[in-house]
Amino acid sequence: MCLAIPAKVKKIEENMAVVDFGGVRKKISLGILSSVEEDDYVLVHAGFAIGKLEKTEAENTLKVLKELEEVAR
Amino acid sequence: MKLMEVCGTHTVNIARSGIKKLLPKEIELISGPGCPVCVTDQSDIDRAIEIVKIKDVIMTTFGDMMRVPGTKSSFMDAKRDGADIRIVYSCLDALNIACSNPAKRIVFMGVGFETTSPTIAATILEAKRQKIRNFFVLSNFKLIPPALVAIAKSDRVKVNGFVCPGHVSVIIGSAAYVEIAKRYKMPCVITGFDDIDIVKGIKRLVEQVKKGVSKVEIEYKRAVKKNGNAAARRILYSVFETADSDWRGLGRIKKSGLRFKKVYKDFDAEREFKVEIPKATSPKGCICGEVLQGIESPLDCKLFKKVCKPERPIGPCMVSSEGTCAAYYKYE
Chain A
36 MCLAIPAKVK KIEENMAVVD FGGVRKKISL GILSSVEEDD YVLVHAGFAI
86 GKLEKTEAEN TLKVLKELEE VAR
Chain B
3 MKLMEVCGTH TVNIARSGIK KLLPKEIELI SGPGCPVCVT DQSDIDRAIE
53 IVKIKDVIMT TFGDMMRVPG TKSSFMDAKR DGADIRIVYS CLDALNIACS
103 NPAKRIVFMG VGFETTSPTI AATILEAKRQ KIRNFFVLSN FKLIPPALVA
153 IAKSDRVKVN GFVCPGHVSV IIGSAAYVEI AKRYKMPCVI TGFDDIDIVK
203 GIKRLVEQVK KGVSKVEIEY KRAVKKNGNA AARRILYSVF ETADSDWRGL
253 GRIKKSGLRF KKVYKDFDAE REFKVEIPKA TSPKGCICGE VLQGIESPLD
303 CKLFKKVCKP ERPIGPCMVS SEGTCAAYYK YE
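For the protein sequence lines, the chains are A and B, in the order given.
Take the first sequence: its position 54, counting from 1, is numbered 89 in the numbering used here, and each next residue is one higher.
Take the second sequence: its position 129, counting from 1, is numbered 131 in the numbering used here, and each next residue is one higher.
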């Protein structure tokens, strides 16, 4: 139940943000996480950003996933 | 050596990946009370079922709760009988339902650990700000560290270390486990959810046990920090305060739940709806209570796979897809 999905913050509007889950965009709340900026990576749970992911770590993970996808082709 | 994971998502990934079978037989992985749906006390489900019977009530819930059996019925049964029960993705969706149905009273079935409860607290703050008076929450929230202490102190199960939950720890931080490691001499490693994260977490736990040390380590550094998400905890504890709570299987644990602070009592569904709850009786032969404490495995249950199946679950651990019995049913 504590599932949280990583997403990239695309646009911030007051207390809400539009985030990108690898192509799918959704509006979520920033109500319980402070100092989020555009281009940050966040973990999203039940419509809220609950924590930030380290940018380099997140980008490395995405890079590996992309490579895997290419290998699989 | 017995290592316990306390997170439904870990339970499922361990079963799915086959990690359990790949480990040397000296290392036994057991599942603890890591599924919020499974540990919700039966009387709390019974209370919610009584509330949905009241006229002009709309019950909102995360989908996981729909099929959990109370003493007489589940949300699913009540919905079939005509109750207005709606599945939401976020508590904010429940608040929107309250805004668009001013003549009805909207209740949110609040279930979850520290990952989830701050999102509900934030929604209540929003309801207060917007002066929405037809929105209520049933607070059945649970806290992980007190449950770990209860297991560490238990005579019935001997655990050598905890695989600590990743996303609960995003909120509470690694600092929340220090007492468990120091005072109760329990090695604690917080891990992520990929197979490799889990294996690395287990390796660190084994190393601690072998060396005879007990400390808190983070194997999910990309998301978990020592102090967690302080803003989320501030919001959580502005609305709620700790209270004793009943866990299915583990019984009452001191200060392991959350109740409304006086300032927010108008949002407390338990206060708003005074209902008579039937006497709770557990299904005969069901050992979910023991499974949740890691004392018995689903394979020890006489009902498992014979009578109790995901399509017709008897106990809560078979209902939730993250329940230990459901994970065993699917992957073992």
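Just so it is clear, CB atoms sit at the ideal spot from N, CA and C, and this is done for glycine as well.
Computed from a predicted model, the values in this text were never measured in an experiment.
Inter-residue spacing [alpha-carbon to alpha-carbon] between residue i and residue j
| i | j | result |
| --- | --- | --- |
| residue 241 (chain B) | residue 175 (chain B) | 20 angstroms |
| residue 103 (chain A) | residue 288 (chain B) | 44 angstroms |
| residue 71 (chain A) | residue 269 (chain B) | 29 angstroms |
| residue 144 (chain B) | residue 75 (chain B) | 23 angstroms |
| residue 83 (chain A) | residue 21 (chain B) | 31 angstroms |
| residue 46 (chain A) | residue 73 (chain A) | 6 angstroms |
| residue 84 (chain B) | residue 219 (chain B) | 50 angstroms |
| residue 260 (chain B) | residue 313 (chain B) | 32 angstroms |
| residue 25 (chain B) | residue 106 (chain A) | 29 angstroms |
| residue 302 (chain B) | residue 88 (chain B) | 36 angstroms |
| residue 18 (chain B) | residue 43 (chain A) | 28 angstroms |
| residue 2 (chain B) | residue 125 (chain B) | Outside the displayed span of chain B (3 to 334) sits residue 2 (chain B), for which this structure offers no information. |
| residue 16 (chain B) | residue 330 (chain B) | 10 angstroms |
| residue 140 (chain B) | residue 27 (chain B) | 43 angstroms |
| residue 158 (chain B) | residue 186 (chain B) | 16 angstroms |
| residue 342 (chain B) | residue 155 (chain B) | Outside the displayed range of chain B (3 to 334) lies residue 342 (chain B), so it cannot be described from this structure. |
| residue 182 (chain B) | residue 189 (chain B) | 8 angstroms |
| residue 96 (chain B) | residue 12 (chain B) | 28 angstroms |
| residue 36 (chain A) | residue 180 (chain B) | 25 angstroms |
| residue 85 (chain A) | residue 252 (chain B) | 28 angstroms |
| residue 112 (chain B) | residue 108 (chain A) | 44 angstroms |
| residue 38 (chain B) | residue 195 (chain B) | 17 angstroms |
| residue 257 (chain B) | residue 246 (chain B) | 4 angstroms |
| residue 292 (chain B) | residue 52 (chain B) | 27 angstroms |
| residue 169 (chain B) | residue 57 (chain A) | 20 angstroms |
| residue 64 (chain A) | residue 39 (chain A) | 14 angstroms |
| residue 204 (chain B) | residue 167 (chain B) | 13 angstroms |
| residue 51 (chain A) | residue 285 (chain B) | 45 angstroms |
Inter-residue CB distance, residue i and residue j (contact presumed, cutoff 8 angstroms)
| i | j | result |
| --- | --- | --- |
| residue 30 (chain B) | residue 4 (chain B) | 5 angstroms |
| residue 318 (chain B) | residue 250 (chain B) | 6 angstroms |
| residue 88 (chain A) | residue 76 (chain A) | 4 angstroms |
| residue 90 (chain B) | residue 64 (chain B) | 7 angstroms |
| residue 191 (chain B) | residue 207 (chain B) | 5 angstroms |
| residue 82 (chain B) | residue 315 (chain B) | About 16 angstroms separates the two Cβ atoms, so there is no contact after all. |
| residue 34 (chain B) | residue 8 (chain B) | 4 angstroms |
| residue 50 (chain B) | residue 138 (chain B) | Their Cβ separation, rounded to whole angstroms, is 11 angstroms, which puts residue 50 (chain B) and residue 138 (chain B) out of contact at 8 angstroms. |
Q. Going along the region 52-67 of chain A in order, which residues come within less than 9 angstroms of chain B, judged by CB to CB distance?
A. Taking 9 angstroms as the cut-off between beta carbons, the residues of the region 52-67 of chain A near chain B are 63, 64, 66 and 67, in sequence order.
Q.
Residues of the region 110-133 of chain B in Cβ contact with chain A at a cutoff of 9 angstroms, in chain order, please.
A. Going along the region 110-133 of chain B in chain order, one finds 113, 114, 115, 116, 117, 118, 120, 121, 122, 123, 124, 125, 127 and 128 with a Cβ nearer than 9 angstroms to chain A.
Q: Decide yes or no for the touch test of the region 127-135 of chain B against the region 156-163 of chain B: beta carbon pairs closer than 8 angstroms, at least 3 of them.
A: No, the region 127-135 of chain B does not touch the region 156-163 of chain B.
Q: Taking only beta carbons into account, state which residues of the region 5-27 of chain B come closer than 9 angstroms to chain A, listed in chain order.
A: If the cut-off is 9 angstroms between Cβ atoms, the region 5-27 of chain B has 9, 10 and 11 near chain A.
(Q) Does the contact criterion of 3 or more C-beta pairs under 8 angstroms hold for the region 37-54 of chain B versus the region 274-288 of chain B? (A) The region 37-54 of chain B and the region 274-288 of chain B touch, with no fewer than 3 CB-CB distances between them shorter than 8 angstroms.
Q. Residues in the region 69-95 of chain B with C-beta within 8 angstroms of chain A's C-beta atoms, listed in sequence order?
A. Closer than 8 angstroms at the C-beta level to chain A, one finds these residues of the region 69-95 of chain B: 91, 92, 93, 94 and 95.
Q: Using a Cβ-Cβ cut-off of less than 7 angstroms, list which residues of the region 81-108 of chain A approach chain B; keep chain order.
A: Residues of the region 81-108 of chain A with a C-beta less than 7 angstroms from any C-beta of chain B: 81, 82, 83, 85, 86, 88, 89, 92 and 93, listed in chain order.
Q) Between the region 278-307 of chain B and chain A, which residues of the former have CB atoms less than 8 angstroms from a CB of the latter, in chain order? A) Look at the region 278-307 of chain B: it has no residue with a C-beta under 8 angstroms from a C-beta of chain A.
(Q) Using 8 angstroms as the cut-off, can you tell me whether the region 92-106 of chain B makes contact with the region 50-65 of chain B, which would need three or more C-beta pairs spanning the two stretches below that distance? (A) They touch, by the three-pair rule.
Q | Ranges of the beta strand (DSSP E) found wholly within the region 243-268 of chain B, counting only runs of at least 3 | A | Inside the region 243-268 of chain B, DSSP marks whole beta strand (DSSP E) runs of 3 or more residues at positions 253-262, from first to last along the chain.
Q.
Across the region 85-98 of chain A and the region 144-157 of chain B, are there enough close Cβ pairs to call them in contact, namely three or more that are closer than 8 angstroms?
A. No contact exists between the region 85-98 of chain A and the region 144-157 of chain B.
Q: Decide if the region 214-232 of chain B is in contact with the region 173-192 of chain B; the criterion is three or more beta carbon pairs, one per stretch, under 8 angstroms apart.
A: Segments in contact, yes.
Q) Three or more beta-carbon pairs under 8 angstroms between the region 118-128 of chain B and the region 199-215 of chain B, yes or no? A) Judged by pairs of C-beta atoms under 8 angstroms, the region 118-128 of chain B does not touch the region 199-215 of chain B, as fewer than three such pairs exist.
Q | Contact residues within the region 141-168 of chain B, judged by C-beta distance below 7 angstroms to chain A | A | Within the region 141-168 of chain B, the qualifying residues are 167.
Q: Run through the region 108-149 of chain B for me and flag every whole alpha helix (DSSP H) of 4 or more residues, listed as ranges in chain order.
A: Counting only runs of 4 or more residues that sit fully inside the region 108-149 of chain B, the alpha helix (DSSP H) segments are 119-131, in chain order.
Q: Please list the residues of the region 37-56 of chain B that have a C-beta atom closer than 7 angstroms to any C-beta atom in chain A, keeping them in chain order.
A: When CB distances to chain A are screened at a threshold of 7 angstroms, the residues of the region 37-56 of chain B falling below it are 37, 38 and 39, in chain order.
Q.
Please give the ranges of any alpha helix (DSSP H) in the region 28-69 of chain B, keeping only runs that are unbroken, at least 4 residues long and fully inside the region.
A. For the region 28-69 of chain B, the continuous alpha helix (DSSP H) assignments of 4+ residues that do not extend past its boundaries occur at 38-41 and 44-54, in sequence order.
Q. What residues in the region 173-184 of chain B have a beta carbon less than 7 angstroms from any beta carbon of chain A?
A. Within the region 173-184 of chain B, those residues whose Cβ lies closer than 7 angstroms to any Cβ of chain A are, in chain order, 173.
Q.
Taking beta-carbon pairs under 7 angstroms, can you tell me which members of the region 202-234 of chain B lie near chain A?
A. The residues in question are 224, 225, 231, 233 and 234.
Q: Anything in the region 36-51 of chain A with a Cβ closer than 8 angstroms to a Cβ of chain B? List those residues in chain order, please.
A: Going along the region 36-51 of chain A in chain order, one finds 36, 37, 38 and 39 with a Cβ nearer than 8 angstroms to chain B.
**Q.** Inside the region 70-102 of chain B only - beta strand (DSSP E) runs reaching at least 3 residues
**A.** Taken in chain order, the unbroken stretches of beta strand (DSSP E) that lie wholly in the region 70-102 of chain B and span 3 residues or more are 86-89.
Q.
Please give me, in chain order, every unbroken run of the beta strand (DSSP E) with length at least 3 that falls completely inside the region 151-222 of chain B.
A. If only complete runs of 3 or more residues are kept, the region 151-222 of chain B shows the beta strand (DSSP E) at 163-166, 190-193 and 218-221, in order along the chain.
Q.
For a minimum of 4 consecutive residues, which ranges assigned as the alpha helix (DSSP H) are wholly contained in the region 259-325 of chain B?
A. 271-274, 290-294 and 318-321, all fully within the region 259-325 of chain B.
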